[in-house]
Every structure is written in C-alpha cells, then in structure tokens.
Amino acid sequence: MPRARDEQGAPREEPQGTPRVRDLHDTSDIRFVMVELGRLTERLDVLTSAIEKQSAAFEKASEKQTADFKERFVEVRSDAKEVRDKLHEVDKSIATFKGGLKIIHLLYAAGLVLMSVFLAWYLRPAPQPATLQAVSPASEAPDQKTEAAEATSTRAR
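Read in order, the letters of the sequence shown are residues 11 to 167 in our numbering.
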C-alpha cells in the first residue's frame, strides 16, 4: 500500500510495519569518534594559526605594496609633468619654426614679384624710330614730309 504524501512530496504518515530500533554504538566506536574529533580539532587549530600568520604577512605585504605604489605614482606624476613641459617647449619651437618659414616664404614671394617687375622694366624693348613715327600724329602723311624735304633740298642746290 502506497504512502500518502502531502503537497511538498514528504510522507505524512510513518511507514507501517515493525520500526527499526537503532542501537547505541559500542564504547569503542565512541572512543574512535572522540580521537578523530581531537585530531581534526588539532588540525583545525594549526590551520587557523597558519591562516592568521598568512593574513598578518598579507597585511604587511599589502601595506608595503601600497606604499611602493604611492611612491611610484608620485614619480610617474612628476615625470609626466616634466614630459608635458618638454612637449610644450617642442610645440612652441615647432610653431616658431613654422612662423619663420611663413615669413621666409612671403619674403621670397615678394622678391620674385620685385625681380619680375624690375626685369620687365629693364628688358623692355627699346622704342623703334619707325614705331614712333607710325604712332605720332605728324606721321599721318609721310609722303608730304618727304616731298617737302626733297623740295627744300632741291632749292638749296
């Protein structure tokens, strides 16, 4: 006959039949347990003292590492400030160099402009007499001048 169970699945009633009666352990079993319990207690005490020693050593090492870390952090911070200052100086030097290059470029460009103006003026073609006569208003009738000049030259003879 199956046992009745409650909602959680645990039995509600004791099993039917002859119940098993548990006998107490012999004296030797109790002594064995006591000896083993004493050994385990001793091992536990040794383990506890070892853990305490390790925790003390860990705390000392932790404090030492913390102090070392703080010291290194201060060193890195001061080194970073020095590097930042050096980088600022290099940046200023580069800016000055770039400014100088721009000034040299402007002077070079101005020199090229002045040289081209001078060369254009110096190497301009010399005015040709025929060009001047062709441009002047008196040269509109060159035949008349030549005839007049011939007439005066023939009279003078």
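No residue lacks a Cβ here, since even glycine has one placed at the ideal position from N, Cα and C.
*A60 - DSSP class collapsed to helix/strand/coil*: Against the sequence shown, residue 60 aligns to sequence position 50. DSSP places A60 in helix when its eight states are reduced to three.
*Grouping DSSP H, G and I as helix and E and B as strand, with all else coil, what is R134?*
Locating residue 134 in the sequence shown gives position 124, counting from the first residue. Note: R134 maps to coil in three-state DSSP.
*To the nearest angstrom, how far is it from the Cα of S103 to the Cα of V86?*
Your numbering for residue 103 matches position 93 in the sequence shown. Your numbering for residue 86 matches position 76 in the sequence shown. So the alpha carbons of these two residues sit roughly 25 Å apart.
*Roughly how many angstroms lie between the CA atoms of V93 and V100, to the nearest whole one?*
Reading the sequence shown from its first residue, position 83 is the one you call residue 93. Reading the sequence shown from its first residue, position 90 is the one you call residue 100. In a straight line, the C-alpha of V93 is about 10 Å away from that of V100.
*asked:* At the level of alpha carbons, what is the spacing between A130 and L116?
replied: For the purposes of this step, residue 130 is identified with residue 120 of the sequence shown, where counting begins at 1. For the purposes of this step, residue 116 is identified with residue 106 of the sequence shown, where counting begins at 1. Their Cα atoms are separated by approximately 21 Å.
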